[in-house]
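Residue numbers (this note's numbering): 4 to 289.
Worksheet: one structure, shown below.
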Amino acid sequence: MENFPDITTAIGKYVEDFVNFLASSWAGFFDLIFFIASRSINGIDNFLVWLPWWLFILIILALGWYFQSLISGIVFSLFIFLIGTFGLWADMMTTIAIIVTAVVLSLLIGLPIGILMSFNRLASNIIRPILDAMQTMPSFVYLIPAIFFFGLGNVSAIFATLIYAIPPVIRLTELAIRGVDEEVIESALSFGSSRWQMLRKVQLPQALPTIMAGVNQTTMMALAMVVIASMVGASGLGEQVLISINRIDIALGFEAGISIVFLAIIIDRITNGVADRFQKHRRINK
4 MENFPDITTA
14 IGKYVEDFVN
24 FLASSWAGFF
34 DLIFFIASRS
44 INGIDNFLVW
54 LPWWLFILII
64 LALGWYFQSL
74 ISGIVFSLFI
84 FLIGTFGLWA
94 DMMTTIAIIV
104 TAVVLSLLIG
114 LPIGILMSFN
124 RLASNIIRPI
134 LDAMQTMPSF
144 VYLIPAIFFF
154 GLGNVSAIFA
164 TLIYAIPPVI
174 RLTELAIRGV
184 DEEVIESALS
194 FGSSRWQMLR
204 KVQLPQALPT
214 IMAGVNQTTM
224 MALAMVVIAS
234 MVGASGLGEQ
244 VLISINRIDI
254 ALGFEAGISI
264 VFLAIIIDRI
274 TNGVADRFQK
284 HRRINK
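Printed below as a string of structure tokens:
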């Protein structure tokens, strides 16, 4: 059997040098990100913990009722109540805080990038391979730069989750805006609409249901990172799953795991309900 020629490349070393350069040259920038992210997580977590348990359950009931049905709202509130009976109420609130922070940052970054890609073909051709790499790279790899830049803790979890969860909202935003009916665009142009007016009054309202589908996918992918993010010190339900693995604690593992499933169902149904509401509103306006 012939061996591979003695040819080696050091791409990984170049990437490591680049990361070291970023860490040293942009230290203030990463400190600012750490400050904003940590304050956001702690603020949301403290607010959720401050809320009376019964009020939070009523809020979930109301959201489920408004965006789905009364039966769905009752089921969702029962799911939340069950998580509380598992003794995981505080962990659930921390998990929600991490997810909310990650999703908000994903939308703040992803939506403008998606809009840019929809208007600029060159930007789309450059960014698409990057999104492909972000979606196909093993999620564990994201933990390495997260630890390097931000150390162990919830901020590293946000960073890793952001990289993993942001591609869907970028892709679907671009797809949605590009998919707006050409006749609608031509009609707006005939009335003298500027590019900004076209985007704000025509394209975004038409594309909103598809964009909301991207928001749903981003949220679900952020939730999928909960357990993986616990490996870099993120607290919450993912941490309890990790503890149960280390201890081979079947009871704790099941309770923490099913709690994540409950949250996934609630978030998925509510975000889908929001998208359906936008779709119905659009049909009524037509």
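Note that beta-carbon positions come from the ideal geometry of N, C-alpha and C, so glycine has one too.
task = Please say whether residue 174 and residue 217 have beta carbons closer to each other than 8 Å?
result = yes
ask   = For residue 9, does the three-state DSSP call read helix, strand or coil?
value = coil
request  = Work out the CA separation of residue 267 and residue 181 for me, nearest whole Å.
outcome  = 30 Å
ask   = Under a three-way DSSP split, which group does residue 148 fall into?
value = helix
task = Using beta-carbon positions only, say whether residue 274 and residue 222 come within less than 8 Å of one another.
result = yes
task = Could I get the ranges of all uninterrupted alpha helix (DSSP H) runs contained in the region 69 to 112, with 4 residues as the minimum, in chain order?
result = 73 to 88
message = Please state the DSSP three-state secondary structure of residue 228.
response = coil
message = Starting from residue 29, trace the alpha helix (DSSP H) in both directions and tell me its first and last residue.
response = Looking at the DSSP string, residue 29 is not in any alpha helix (DSSP H), and its letter there is neither H nor E.
request  = Please confirm if the region 60 to 72 is in contact with the region 220 to 237, defined as three or more CB-CB distances below 8 Å between the two stretches.
outcome  = no
inquiry  = Since residue 75 and residue 203 should fall inside the 8 Å C-beta cutoff, what is the C-beta to C-beta distance between them, to a whole number of angstroms?
reply    = Not really, about 33 Å apart at Cβ, beyond 8 Å.
Helix, strand or coil at residue 241 [DSSP, three-state] = Note: residue 241 maps to helix in three-state DSSP.
inquiry  = Given this structure, state the Cα-to-Cα distance separating residue 143 from residue 90, to the nearest angstrom.
reply    = 29 Å
key: DSSP three-state assignment for residue 54, whether helix, strand or coil   = In this structure, residue 54 counts as coil in the three-state DSSP scheme.
ask   = Just reading off the alpha helix (DSSP H) that residue 159 is part of, what are its end residues?
value = 157 to 181
message = Pairs of beta-carbons, one from the region 246 to 265 and one from the region 128 to 139, closer than 8 Å: are there three or more?
response = no
request  = Classify residue 154 as helix, strand or coil using the three-state DSSP reduction.
outcome  = coil
key: Among 30, 65, 170, 87, nearest to residue 112 - alpha-carbon criterion   = Nearest C-alpha to residue 112: 170.
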